[in-house]
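S.K.: Numbering (our numbering), first residue to last: 54 to 294.
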């Protein structure tokens with residue numbers, strides 16, 4: 054299970070519990086998060102190697118599930134690890150491939166690193182929320198009042214990592230041909246109540262990958278991993294039956 058930006062294994066604990074009735078589940082902390090260590094300089098390849106090590110520990114092959122930017126990391130891993138990834142499950146990879154929403158600024162990763170170097174963790178989370186997630190700035194005071202804001206601040210140094218994973222795929226441009234070579238069956242899910250750019254990207258990705266299918270989950274949005282783990286688990290399990 055590959056978690057999204059600014060989250061760790063705790064955010065996927067409910068889904069892991071649901072899936073554990075059907076699979077052996079490895080719900081790990083990505084590097085720099087929770088109980089996992091970190092090392093500089095960061096490279097996306099190191100995160101793929103982390104996943105490769107976990108797959109080796111699991112017996113040499115595995116299914117991968119990833120949500121949001123974690124779905125993009127899972128996609129990168131499947132592209133590089135070949136047959137070791139037997140099946141791929143992606144929930145709302147946040148690609149921006151058209152004008153359905155504002156693209157992420159070209160200086161996004163640089164600005165995040167600048168804020169973290171200045172120890173402005175809260176400002177880094179704000180920047181992520183407004184520029185990457187697309188939450189209007191006027192709603193952030195409400196979000197800051199929630200205890201989860203402090204948890205996000207503690208993970209703020211990893212935000213640039215997910216920015217590097219996304220690369221130029223949030224620029225509003227179509228997918229480059231041949232970007233991913235994934236021959237594993239791939240199941241891409243989006244929520245009915247999420248922004249249209251998620252749906253557009255999922256459909257385009259399903260057309261790009263040879264063994265991919267897309268499904269819309271009724272009544273769900275981008276928070277489904279945390280708020281509706283039973284719905285996600287049911288969709289995943291039904292795909293494997």
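Virtual Cβ for every residue (Gly too), placed ideally from N, Cα, C.
Have a look at residue 59 and residue 263 and give me their C-alpha separation to the nearest angstrom.
M.R.: Each residue's Cα considered, the two are about 31 Å apart.
S.K.: My output table needs one value for residue 181: the three-state DSSP class, helix, strand or coil.
M.R.: Reduced to three states, the DSSP call for residue 181 is helix.
S.K.: Quick one: measure Cβ to Cβ for residue 178 and residue 131, integer angstroms, because I've assumed they're closer than 8 Å.
M.R.: Actually they do not touch by this definition, with Cβ atoms about 29 Å apart.
S.K.: Which of the three DSSP states, helix, strand or coil, is assigned to residue 226?
M.R.: Correct three-state label for residue 226: coil.
S.K.: In the stretch 238-273, which residue ranges form an unbroken beta strand (DSSP E) of at least 3 residues, counting only runs that do not cross its ends?
M.R.: Segments of the beta strand (DSSP E) lying fully in the stretch 238-273: 239-244, 265-270.
S.K.: Do residue 81 and residue 62 count as a contact pair if the criterion is CB distance below 9 Å?
M.R.: Result yes, Cβ atoms of residue 62 and residue 81 sit closer than 9 Å.
S.K.: With a CB to CB cut of under 8 Å and the five nearest residues on each side skipped, what residues in its chain are close to residue 247?
M.R.: Result list for residue 247: 145, 273, 274, 275, in chain order.
S.K.: Does residue 223 pass the burial test, meaning 16 or more other C-beta atoms within 10 Å, or should it be called exposed?
M.R.: Answer is buried; the Cβ neighbour count reaches 16.
S.K.: Any idea what DSSP makes of residue 116, helix, strand or coil?
M.R.: Residue 116 falls in the strand class under three-state DSSP.
S.K.: Give the range of the beta strand (DSSP E) segment to which residue 142 is assigned.
M.R.: First-last of the beta strand (DSSP E) with residue 142: 138-144.
S.K.: Should residue 113 and residue 137 be called a contact, given that it needs their Cβ atoms to be closer than 9 Å?
M.R.: Yes, Cβ-Cβ distance for residue 113 and residue 137 is below 9 Å.
S.K.: If you drop the 5 nearest sequence neighbours on each side, which residues of the same chain put their C-beta closer than 7 Å to that of residue 206?
M.R.: Closer than 7 Å at Cβ, skipping near neighbours: 174, 175, 178.
S.K.: Does the stretch 180-193 come close enough to the stretch 228-236 that 3 or more CB-CB pairs lie under 8 Å?
M.R.: No, the stretch 228-236 is not in contact with the stretch 180-193.
S.K.: Between the Cα of residue 257 and the Cα atoms of 225, 168, 278, 157, which residue gives the shortest distance?
M.R.: Among 225, 168, 278, 157, the Cα nearest to that of residue 257 is on 225.
S.K.: Using a Cβ-based criterion (distance less than 8 Å to any ligand heavy atom), does residue 200 qualify as near the ligand SAM?
M.R.: Of the ligands one can find in the structure shown there are none, so the ligand SAM has no counterpart to examine.
S.K.: Suppose you measure from the CA of residue 95 to the CA of residue 164; what does that come to, to the nearest Å?
M.R.: Looking at the two C-alpha atoms, the distance is approximately 16 Å.
S.K.: Hey, would you say residue 83 sits closer than 9 Å to residue 211, going by beta carbons?
M.R.: Yes, these two residues count as a Cβ contact at 9 Å.
S.K.: Label residue 57 either buried or exposed according to how many other C-beta atoms from any shown protein chain fall within 10 Å of its C-beta, with 16 as the threshold for buried.
M.R.: Looking at its Cβ environment, which holds 16 or more other Cβ atoms inside 10 Å, residue 57 is buried.
S.K.: So is residue 106 buried or exposed if we call it buried at 16+ other beta carbons inside 10 Å?
M.R.: Exposed is the call here.
S.K.: Please return the same chain residues whose Cβ sits closer than 6 Å to the Cβ of residue 269, not counting the five positions on each side in sequence.
M.R.: Within the same chain, residue 269 has close Cβ partners 243, 245.
S.K.: Would you tell me roughly how many angstroms separate the C-alpha atoms of residue 127 and residue 133, rounded to the nearest one?
M.R.: If I take the Cα positions, the gap works out to 10 Å.
S.K.: To the nearest angstrom, how far is it from the Cα of residue 284 to the Cα of residue 294?
M.R.: C-alpha separation (whole angstroms): 16 Å.
S.K.: Just to confirm, is the Cβ distance from residue 142 to residue 116 under 9 Å?
M.R.: Taking 9 Å as the Cβ cut-off, residue 142 and residue 116 qualify as a contacting pair.
S.K.: With DSSP run on the structure shown, which of helix, strand or coil describes residue 162?
M.R.: Correct three-state label for residue 162: helix.
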